[in-house]
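Engineer: Numbering (this note's numbering), first residue to last: 39 to 306.
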């Protein structure tokens with residue numbers, strides 16, 4: 039199964055970073071959040087990625103082009119003009135980087151990827167990390183006969199919640215509202231949605247979800263664990279604090295892969 043990641047948005051609420059790079063390339067622990075998402079999927083054995091590019095897509099291409107060289111040893115034969123990379127820690131990833139247009143909307147980007155989608159596929163956004171159990175998500179999707187499954191998550195807290203006893207503050211909680219659900223991405227989709235529910239470049243995913251819902255073709259996999267989008271600088275600081283403190287819940291990959299953590303594989 040392929041993993042589609044939407045990585046073409048501008049990310050205007052992170053303008054401190056995204057003026058020079060696309061939002062999925064904003065770093066946590068010296069590695070782009072896109073890498074963290076890919077590590078999550080590859081931990082479960084899904085390592086064939088199709089990444090939809092748009093805004094500053096050349097930055098993403100350059101980073102991946104440099105990935106192997108910066109993570110291993112390089113052997114150059116200047117006389118023959120050849121370069122070989124020796125990389126004992128290479129990740130077994132296959133990555134397609136597809137330019138889906140600068141102004142294409144979210145669902146439109148998925149439709150542009152249709153030639154690469156030959157069966158059920160995963161899809162998520164390039165700016166959120168979580169502890170979603172991918173095999174369980176897939177089993178849930180395969181257990182119903184619908185075209186789409188999204189992952190429902192509890193919204194992360196934006197403000198500390200006061201617990202009052204009269205006028206006294208009894209507690210100050212950073213816990214999310216456990217009665218609310220939002221769309222957290224980490225979806226499983228059938229390729230038919232590209233043909234039947236997405237019209238073209240201007241199509242937005244919110245509109246696509248609504249059309250699928252009205253047709254009875256949308257299901258929700260409820261995830262009670264960690265989920266955190268990186269919508270603003272506040273979120274980046276929070277994620278960096280978790281990572282630097284060794285308390286990142288989404289870091290579930292094995293020790294072999296951990297040897298790569300914190301290295302910078304390329305700069306534009």
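Ideal Cβ placement from N, Cα and C applies to all residues, glycine included. Remember, predicted model here, so these are calculated numbers, not experimental data.
Where residue 264 and residue 288 are concerned, what is the direct C-alpha to C-alpha distance, given to the nearest angstrom?
Structural biologist: Taking the straight line joining both Cα atoms gives about 7 Å.
Engineer: Would you mind sorting residue 91 into buried or exposed? The rule is 16 or more other CB atoms within 10 Å of its CB.
Structural biologist: Buried is the call here.
Engineer: Given this structure, state the Cα-to-Cα distance separating residue 307 from residue 78, to the nearest angstrom.
Structural biologist: Look at the range of the chain in this structure, 39 to 306, and you will see that residue 307 is not part of it.
Engineer: In angstroms with no decimal places, state the Cα-to-Cα distance between residue 122 and residue 177.
Structural biologist: Rounded to the nearest angstrom, the two C-alpha atoms are 41 Å apart.
Engineer: For residue 100, name the three-state secondary structure that DSSP assigns.
Structural biologist: The answer is helix: DSSP assigns residue 100 an H, G or I state.
Engineer: Considering only the beta carbon of each residue, do residue 132 and residue 86 sit closer than 8 Å?
Structural biologist: It is a contact, given that the beta carbons lie within the stated cut-off.
Engineer: Alpha carbon to alpha carbon, how far is residue 84 from residue 173?
Structural biologist: Near 10 Å, if we compare the C-alpha coordinates of residue 173 and residue 84.
Engineer: For residue 143, count neighbouring C-beta atoms within 10 Å of its own C-beta (all shown protein chains included) and say buried if the count is 16 or more, exposed if not.
Structural biologist: It is buried - the Cβ of residue 143 has at least 16 other Cβ atoms within 10 Å.
Engineer: Which two residues bound the contiguous alpha helix (DSSP H) that contains residue 273?
Structural biologist: From DSSP, the alpha helix (DSSP H) with residue 273 extends over 271–282.
Engineer: CB-CB under 7 Å to residue 161, same chain, minus the five flanking residues each way: which ones, in chain order?
Structural biologist: Same-chain partners within the cutoff: 42, 148, 225 and 227.
Engineer: Can you name, in chain order, every residue of its own chain whose Cβ lies under 6 Å from the Cβ of residue 182, other than the five neighbours on each side?
Structural biologist: Counting only Cβ-Cβ distances below 6 Å, and skipping sequence neighbours, we find 257.
Engineer: With a CB to CB cut of under 8 Å and the five nearest residues on each side skipped, what residues in its chain are close to residue 154?
Structural biologist: Within the same chain, residue 154 has close Cβ partners 40, 88, 134 and 136.
Engineer: So, for residue 291: in the same chain, excluding its five sequence neighbours on each side, which residues have a beta-carbon less than 6 Å away from its beta-carbon?
Structural biologist: Counting only Cβ-Cβ distances below 6 Å, and skipping sequence neighbours, we find 77 and 81.
Engineer: DSSP on residue 162, reduced to helix/strand/coil?
Structural biologist: Looking at residue 162 - three-state DSSP - the assignment turns out to be strand.
Engineer: Classify residue 246: buried if its beta carbon has 16 or more other beta carbons within 10 angstroms, exposed otherwise.
Structural biologist: So residue 246 ends up on the buried side.
Engineer: Is it buried or exposed, residue 250, if we count other Cβ atoms within 10 angstroms and call 16 or more buried?
Structural biologist: Answer is buried; the Cβ neighbour count reaches 16.
Engineer: Decide if residue 130 is buried, meaning its Cβ has at least 16 other Cβ atoms within 10 Å, or exposed.
Structural biologist: By the 10 Å Cβ count, residue 130 comes out exposed.
Engineer: Tell me the residue span of the alpha helix (DSSP H) that contains residue 173.
Structural biologist: Segment 172–180, the alpha helix (DSSP H) holding residue 173.
Engineer: Do you know how far the Cα of residue 48 is from the Cα of residue 58?
Structural biologist: Their Cα atoms are separated by approximately 10 Å.
Engineer: So the beta strand (DSSP E) residue 113 belongs to, where does it begin and stop?
Structural biologist: Start and end: 111–115.
Engineer: I need the DSSP call for residue 60, collapsed to helix, strand or coil.
Structural biologist: Note: residue 60 maps to coil in three-state DSSP.
Engineer: For residue 55, which option in 175, 285 and 271 has the closest C-alpha, if you only look at C-alpha atoms?
Structural biologist: Comparing Cα-Cα distances from residue 55 to each of 175, 285 and 271, the minimum goes to 271.
Engineer: Should residue 167 go down as buried or exposed, given a rule of 16 or more other Cβ atoms within 10 Å for buried?
Structural biologist: So residue 167 ends up on the buried side.
Engineer: Taking the straight line between their C-alpha atoms, what separation do you get for residue 44 and residue 120?
Structural biologist: Their Cα atoms are separated by approximately 34 Å.
Engineer: Rounding to the nearest angstrom, what Cα-Cα distance links residue 267 and residue 188 in this structure?
Structural biologist: Spanning the two alpha carbons is a distance of roughly 15 Å.
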